[in-house]
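Add 486 to a position in the sequence shown, counting from 1, and you land on the number used in our numbering.
No residue lacks a Cβ here, since even glycine has one placed at the ideal position from N, Cα and C.
Comments concern the structure below.
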Amino acid sequence: MNKINIIQKLIPQKPLLQQAGFGFAPSNIALCKYWGKRDLALNLPYNSSLSISLADRGASTKIIVNDANHDVIIVNDEKLPLESAFAKRVICFLDLFRPPKLFFQMDTHINLPIAAGLASSACGFAALVIALNQLLGWQLEDKSLSILARLGSGSACRSLWHGFVEWFAGNAEDGMDSCAQPIQEKWDMLCIGLFIISSKQKPITSTIAMQQSVANSKFYSSWLEKAAIDFHHLKNAIFSRDFDEFGRIAESNALAMHAVMQTSWPPIYYSLPQTIEAMHKVWAARAAGLPIYFTQDAGPNLKLLFLKENTAQVQELFSQMQVIHPFDEVVA
Ligand code: PMV
């Protein structure tokens, strides 16, 4: 099964070309991580995952037809060289949907550090499919857009919605059952603190890191067992507003994912000394009674989890942190 087969199943044959397409998608941070692909081409995961979207932090994309015979890719007002890795990735994705002899101009603004484990590719691909849906007049529902976004970047399928989102791993070979859906549960008191240690490009992509983990970490099967249990218990903790249980599961899930990476060969280590230092700060604060937890993705930065009532204490510890209120109304 390849991407083209999936696209033929989902997209109407004749596009109804419009003047322009616009899309916004929030970035999302997994609390129960997606780690490992059962199908590399279709970005199908071995395990289900659960995320929280970052309100107005994400990607705003405009797409129009370009009159010249090449695509134009603009990110944060900078025209990318067409041979750059990111432009190539976007152009390959556009190729999947390209009507004959048509080229695009994609203009994206991402208000987060790019490629630093803050899910900029997730919101980028999600915003792009929303914009394409408009430009090419597909009129697809969110579930189909989630599947299409997954073809660009796995975690992008969760960026179609605000709030908590779950992505079912599914088991169909074509992945038509592997899409995300929102969890209808608002937790107004929940805060995410973005603690940015480095915004540098990551040394190894998450795709390669996942492949390596699946291929040779002895702990990979234990990861899958843990992820299944965490997914279930995390949802219960959300529904019962049990913050300590919620934080404990999210933090231990992230640490388990990193343990899998660290035990693959060659080992993958995204943390920097400042990451470990920040973890110790969290643990010391928690031991002193402050309910604060963290999660970490494929990068050195931490995302802190805490409740609104503790914002001042957390801010005192992590003065550089940017606070996100995931359930605040997003002004379009
Ligand atoms: O969607 P990708 O290929 O960028 O992989 C995302 C991997 C993690 O961020 C580490 C976990 C996740 O579920 O988002």
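Helix, strand or coil at residue i [DSSP, three-state]
i           : result
residue 518 : strand
residue 704 : coil
residue 762 : helix
residue 446 : It is not possible to answer for residue 446, since the shown part of the chain is limited to 487 through 818.
residue 610 : helix
residue 643 : helix
residue 656 : coil
residue 679 : strand
residue 787 : coil
residue 510 : strand
residue 727 : coil
residue 541 : strand
residue 524 : strand
residue 822 : Within the shown structure, residues of the chain are numbered from 487 to 818, placing residue 822 beyond reach of any answer.
residue 549 : strand
residue 829 : The requested residue 829 does not occur in the structure, where the chain is confined to residues 487 to 818.
residue 650 : strand
residue 750 : coil
residue 570 : coil
residue 802 : helix
residue 816 : coil
Straight-line gap, residue i to residue j (C-alpha atoms, nearest Å)
i           : j           : result
residue 637 : residue 775 : 43 Å
residue 499 : residue 627 : 16 Å
residue 720 : residue 739 : 10 Å
residue 814 : residue 555 : 42 Å
residue 464 : residue 564 : With the chain running from 487 to 818 in the structure shown, residue 464 is simply not present.
residue 763 : residue 743 : 19 Å
residue 630 : residue 612 : 11 Å
residue 705 : residue 553 : 52 Å
residue 519 : residue 583 : 29 Å
residue 615 : residue 634 : 7 Å
residue 597 : residue 784 : 19 Å
residue 581 : residue 558 : 13 Å
residue 497 : residue 661 : 15 Å
residue 773 : residue 781 : 17 Å
Beta-carbon spacing of residue i, residue j below 8 Å
i           : j           : result
residue 779 : residue 768 : yes
residue 537 : residue 644 : yes
residue 676 : residue 808 : no
residue 550 : residue 591 : yes
residue 656 : residue 529 : no
residue 599 : residue 539 : no
residue 714 : residue 491 : no
residue 777 : residue 757 : no
residue 608 : residue 632 : no
residue 669 : residue 810 : no
residue 488 : residue 527 : yes
residue 504 : residue 621 : yes
residue 664 : residue 531 : yes
residue 736 : residue 517 : yes
Any non-hydrogen atom of the ligand MG closer than 7 Å to residue i Cβ
i           : result
residue 693 : In the structure on display, the ligand MG does not appear, and the ligands it does have are the ligand PMV.
Quick check: the segment 731 to 741 against the segment 781 to 800, are there 3 or more CB pairs under 8 Å?
-> yes
Does the segment 531 to 548 come close enough to the segment 507 to 520 to have 3 or more Cβ pairs within less than 8 Å?
-> yes
Closer than 5 Å: residues whose CB approaches a heavy atom of the ligand PMV | 516, 519, 520, 535, 639, 640, 641, 692, 783, 784
Stretch-stretch touch, CB-based, cutoff 8 Å, three pairs: the segment 554 to 572 with the segment 692 to 711 | no
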